[in-house]
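Colleague: In the UniProt record's numbering, the protein residues as written are 1 to 621. One structure, as structure tokens, below. Some questions next.
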């Protein structure tokens with residue numbers, strides 16, 4: 001390729017030199033030919049004709065020059081695109097050898113067109129063997145390890161912070177930080193990249209240690225290969241303490257984080273996932289907040305790393321919240337944060353997503369994390385409630401950014417709901433007082449005899465008492481007022497017609513037309529009966545701003561019940577209230593018609609005495 005460029009360049013240069021050596025005196029600036037004779041216009045001498053011939057030759061040379069220049073630019077553009085291509089030509093980690101360039105005829109057919117990896121990533125230049133390798137990695141890890149292995153460990157990240165963050169300065173006497181990375185059979189290149197980014201983007205004066213907690217990994221490359229890498233890191237960074245903690249059995253995320261905290265010695269501990277990359281200046285904003293208030297637990301803003309192409313997707317600052325099932329979610333900051341009109345300022349948050357930074361001693365004083373949690377889920381919500389009600393606070397710091405891979409699936413726990421349900425009941429029992437049964441409502445579990453053992457909570461209850469923590473109602477009123485307290489629910493669960501032996505179901509289109517369906521008691525059949533007479537169908541949302549769907553009878557002639565926005569239906573008095581007694585008929589207060597099932601079809605019609613029963617009763621009605 002380079003030889004072709006040189007030849008074309010020399011040819012163009014020779015043509016240009018000859019043109020500009022011979023022609024300048026013959027051509028005016030406007031492109032017309034200078035005449036040497038004194039004849040009248042239209043009379044052209046032989047000399048003039050010669051000049052014109054020469055000019056035509058010059059024009060042709062110009063045209064050839066432009067064509068060759070275009071070819072040269074196209075060659076350069078092609079080369080630039082090849083160099084930027086993310087897969088086939090990217091160097092593997094930090095090695096010097098070039099990556100494989102796919103040659104015509106080597107490209108294989110798409111073997112996994114339905115795989116989430118190839119649906120989003122493409123991988124058009126991969127051979128069939130490479131596709132198989134990429135898919136196998138994806139199934140094992142939940143993200144694109146094939147690509148990760150071919151990206152530099154120290155790849156640059158885009159600066160996604162608010163521009164105002166660039167003008168901030170931080171104290172020089174910040175506390176030291178120790179970073180805990182938790183991993184279980186993480187891909188080696190992902191783990192290496194996390195370590196590399198922490199070392200490269202944290203000032204040496206602040207980074208005291210990296211603690212690696214292995215929750216009983218079985219991957220071969222996380223043994224000798226990883227040991228050699230850590231040895232290299234230690235040799236290159238003699239002032240950095242690298243600590244290894246290995247569990248002899250899988251103990252779960254919460255216990256692994258506690259192990260990391262116990263091993264830490266720095267002033268501040270940052271407990272992170274291992275599939276992350278930190279941005280420049282990630283640590284200083286967090287340490288500054290903790291320096292100002294040791295009872296403050298902080299979180300960076302997470303940018304998403306796509307599981308398929310590992311590209312960075314910018315996330316805007318938001319608080320960390322949860323629903324009554326204790327699933328985590330993002331939520332807008334409180335209104336007062338937006339009134340400040342400065343997105344670079346920290347914002348208060350009712351909970352924390354799991355990646356956390358705290359004063360190491362303070363975290364110990366308030367009980368670190370609940371070691372009775374199993375595997376995954378709920379531990380971060382428990383920490384958030386505990387910190388707020390026991391005298392501390394939580395903030396999200398927008399000028400600190402961490403890029404975090406959002407897996408397509410978690411290989412170590414295909415069904416997260418199993419441990420989430422257990423852990424949520426444990427949190428409720430210790431911290432939620434009279435609101436603890438809302439967790440049962442969210443999971444459609446009976447208040448008693450649900451068959452789930454959430455372990456001994458006596459120590460955590462004693463911790464709450466010793467710390468003199470506020471009641472959960474204070475938390476709802478002052479920290480998380482957007483969480484609906486669900487005070488008026490009388491009964492919940494599947495709503496079953498005892499005569500037809502079928503249940504009310506929200507149907508294939510949520511919020512549209514309910515149907516009769518064989519009882520399975522999953523979310524689409526979750527029903528909530530309110531003191532005011534409304535029947536929420538298809539689950540109930542946890543937040544005051546959410547839309548729930550209520551069973552209505554608008555008196556239509558086709559006798560079909562509807563599902564409508566509960567708030568709007570209440571405003572319009574649109575057949576939303578029902579008169580219901582357990583084991584008896586279900587009658588609409590506005591229309592006087594009953595909900596019944598005729599030939600497997602859900603109808604509202606003149607009452608015939610069909611009986612209904614709801615699974616779980618909270619208060620008699």
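Here a beta-carbon is modelled for each residue, glycine too, at the ideal position from N, C-alpha and C. None of these values were measured; they are calculated from a predicted model.
For the beta strand (DSSP E) containing residue 243, name the first residue and the last one.
Modeller: Counted from its first residue, the chain shown places residue 243 at position 243. 241-246 is the extent of the beta strand (DSSP E) around residue 243.
Colleague: Can you confirm whether the segment 249-268 touches the segment 211-220 when touching is taken to mean that 3 or more C-beta pairs between the two stretches lie within less than 8 angstroms?
Modeller: yes
Colleague: Using a Cβ distance threshold of 8 angstroms, determine whether the segment 406-416 contacts the segment 435-450, with at least three qualifying pairs required.
Modeller: The answer is no - the segment 435-450 does not touch the segment 406-416, with fewer than three Cβ pairs under 8 angstroms.
Colleague: In angstroms, rounded to a whole number, what distance separates the CA positions of residue 115 and residue 135?
Modeller: Mapped onto the chain shown, residue 115 falls at position 115. Mapped onto the chain shown, residue 135 falls at position 135. Distance between the alpha carbons of residue 115 and residue 135 is about 8 angstroms.
Colleague: Measure from the alpha carbon of residue 150 to the alpha carbon of each residue in 449, 310, 200, 281, then state which is nearest.
Modeller: Sequence index remark: in the chain shown, residue 150 carries index 150 (1-based). Ranking 449, 310, 200, 281 by CA distance to the CA of residue 150 puts 310 first.
Colleague: Please classify residue 324: does DSSP put it in a helix, a strand, or coil?
Modeller: By 1-based counting over the chain shown, the position of residue 324 is 324. Residue 324 falls in the coil class under three-state DSSP.
Colleague: In whole angstroms, what is the alpha-carbon distance linking residue 632 and residue 379?
Modeller: Only positions 1 to 621 of the chain appear in this structure, which leaves residue 632 out of reach.
Colleague: So what does DSSP say about residue 621, is it helix, strand or coil?
Modeller: Locating residue 621 in the chain shown gives position 621, counting from the first residue. Of the three classes helix, strand and coil, the one that applies to residue 621 here is coil, per DSSP.
Colleague: Can you name the residues that DSSP bridges to residue 502?
Modeller: Your numbering for residue 502 matches position 502 in the chain shown. 497, per the DSSP bridge assignment.
Colleague: Are the segment 383-402 and the segment 277-284 touching, with three or more C-beta to C-beta distances below 8 angstroms?
Modeller: yes
Colleague: Whole alpha helix (DSSP H) runs in the segment 352-384 with 4 or more residues, listed along the chain?
Modeller: 360-365
Colleague: Which residue marks the beginning of the alpha helix (DSSP H) containing residue 483, and which one marks its end?
Modeller: As a first step, residue 483 must be located in the chain shown, where it is residue number 483. Neither: residue 483 is in no alpha helix (DSSP H) and is coded neither H nor E.
Colleague: Going by DSSP, what residue range makes up the alpha helix (DSSP H) through residue 437?
Modeller: For this step, residue 437 is matched to residue 437 along the chain shown. Where residue 437 is concerned, the enclosing alpha helix (DSSP H) stretches over 437-443.
Colleague: Leaving out five residues before and five after residue 464 in sequence, what residues of the same chain have Cβ atoms less than 6 angstroms from its Cβ?
Modeller: Working through the chain shown from its first residue, we reach residue 464 at position 464. Around residue 464: no qualifying Cβ.
Colleague: Note down the Cα distance separating residue 384 from residue 328, rounded to an integer number of angstroms.
Modeller: Residue numbering aside, residue 384 sits at position 384 when the chain shown is read from its first letter. Residue numbering aside, residue 328 sits at position 328 when the chain shown is read from its first letter. Their Cα atoms are separated by approximately 12 angstroms.
Colleague: Assign residue 14 to one of two classes, buried (16 or more other C-beta atoms within 10 Å of its C-beta) or exposed (fewer than that).
Modeller: Position 14 of the chain shown holds residue 14. No answer about residue 14 holds up, because its pLDDT of 45 lies below 50 and its placement is not dependable.
Colleague: Please check the pair residue 279 and residue 201, which I expect to be a contact at CB under 8 angstroms, by giving their CB distance rounded to whole angstroms.
Modeller: Your numbering for residue 279 matches position 279 in the chain shown. Your numbering for residue 201 matches position 201 in the chain shown. Rounded, the Cβ-Cβ distance is 7 angstroms, consistent with contact.
Colleague: When burial is assigned at 16 or more other CB atoms within 10 Å of the CB, is residue 513 buried or exposed?
Modeller: Taking the chain shown and counting its residues from 1, the one referred to as residue 513 is at position 513. By the 10 Å Cβ count, residue 513 comes out exposed.
Colleague: With distance defined between alpha-carbon atoms, name the residue in 188, 553, 179 nearest to residue 152.
Modeller: The residue given as residue 152 occupies position 152 in the chain shown. Residue 188 is the option with its Cα nearest to residue 152.
Colleague: In whole angstroms, what is the alpha-carbon distance linking residue 225 and residue 192?
Modeller: Here residue 225 refers to the residue found at position 225 when the chain shown is read from its first residue. Here residue 192 refers to the residue found at position 192 when the chain shown is read from its first residue. Rounded to whole angstroms, residue 225 to residue 192 spans 11 angstroms at the Cα level.
Colleague: Is the CB-CB distance between residue 531 and residue 490 below 8 angstroms?
Modeller: Your numbering for residue 531 matches position 531 in the chain shown. Your numbering for residue 490 matches position 490 in the chain shown. At the C-beta level, residue 531 and residue 490 come within 8 angstroms of one another.
Colleague: For residue 579, list the residues DSSP reports as bridge partners.
Modeller: Position 579 of the chain shown holds residue 579. Beta-bridge pairing links residue 579 to 587.
Colleague: State the Cα-Cα distance for the pair residue 124 and residue 139, rounded to the nearest angstrom.
Modeller: Here residue 124 refers to the residue found at position 124 of the chain shown. Here residue 139 refers to the residue found at position 139 of the chain shown. Whole-angstrom Cα-Cα distance: 19 angstroms.
Colleague: Would you kindly check if the distance between the Cβ of residue 553 and the Cβ of residue 611 is under 8 angstroms?
Modeller: The residue given as residue 611 occupies position 611 in the chain shown. The residue given as residue 553 occupies position 553 in the chain shown. No, the pair does not count as a contact, with Cβ atoms beyond the cut-off.
Colleague: Let me know if residue 199 comes out buried or exposed under the rule of 16 or more other beta-carbons within 10 Å of its beta-carbon.
Modeller: Your numbering for residue 199 matches position 199 in the chain shown. Note on residue 199: 16 or more other CB atoms within 10 angstroms of its CB, so buried under the neighbour-count rule.
Colleague: Under a three-way DSSP split, which group does residue 315 fall into?
Modeller: Locating residue 315 in the chain shown gives position 315, where the first residue counts as 1. Residue 315 falls in the coil class under three-state DSSP.
Colleague: Is the separation between the beta-carbon of residue 564 and that of residue 574 shorter than 8 angstroms?
Modeller: Residue numbering aside, residue 564 sits at position 564 when the chain shown is read from its first letter. Residue numbering aside, residue 574 sits at position 574 when the chain shown is read from its first letter. Cβ atoms of residue 564 and residue 574: closer than 8 angstroms.
Colleague: Quick one: Cα of residue 499 to Cα of residue 346, how far?
Modeller: Locating residue 499 in the chain shown gives position 499, counting from the first residue. Locating residue 346 in the chain shown gives position 346, counting from the first residue. So the two alpha carbons sit approximately 58 angstroms from each other.
Colleague: Between which two residues does the alpha helix (DSSP H) containing residue 462 stretch?
Modeller: Counting from one through the chain shown, the residue named residue 462 turns up at place 462. Residue 462 -> alpha helix (DSSP H) spans 458-466.
Colleague: Taking the straight line between their C-alpha atoms, what separation do you get for residue 322 and residue 330?
Modeller: Working through the chain shown from its first residue, we reach residue 322 at position 322. Working through the chain shown from its first residue, we reach residue 330 at position 330. If I take the Cα positions, the gap works out to 8 angstroms.
Colleague: Measuring CA to CA, which of 163, 526, 244, 517 is closest to residue 440?
Modeller: Here residue 440 refers to the residue found at position 440 when the chain shown is read from its first residue. The shortest C-alpha separation from residue 440 is found at 526.
Colleague: Can you tell me whether residue 267 is buried or exposed? The criterion is at least 16 other CB atoms within 10 Å of its CB, across all chains shown.
Modeller: Stepping through the chain shown from its first residue, residue 267 is reached at position 267. Residue 267 should be labelled buried.
Colleague: Please report the straight-line C-alpha distance between residue 437 and residue 616, rounded to a whole angstrom.
Modeller: For this step, residue 437 is matched to residue 437 along the chain shown. For this step, residue 616 is matched to residue 616 along the chain shown. Looking at the two C-alpha atoms, the distance is approximately 12 angstroms.
Colleague: Got a sec: does the ligand PLP put a non-hydrogen atom nearer than 7 angstroms to the Cβ of residue 455?
Modeller: As far as ligands go, the structure on display features none, and thus does not contain the ligand PLP.
Colleague: Do you know offhand how far residue 414's Cα is from residue 320's?
Modeller: Translated into positions along the chain shown, residue 414 becomes position 414. Translated into positions along the chain shown, residue 320 becomes position 320. Their Cα atoms are separated by approximately 24 angstroms.
Colleague: Going by CA-CA distance only, name the one from 363, 429, 273 that's closest to residue 373.
Modeller: Within the chain shown, the letter at position 373 stands for residue 373. The shortest Cα separation from residue 373 among 363, 429, 273 belongs to 429.
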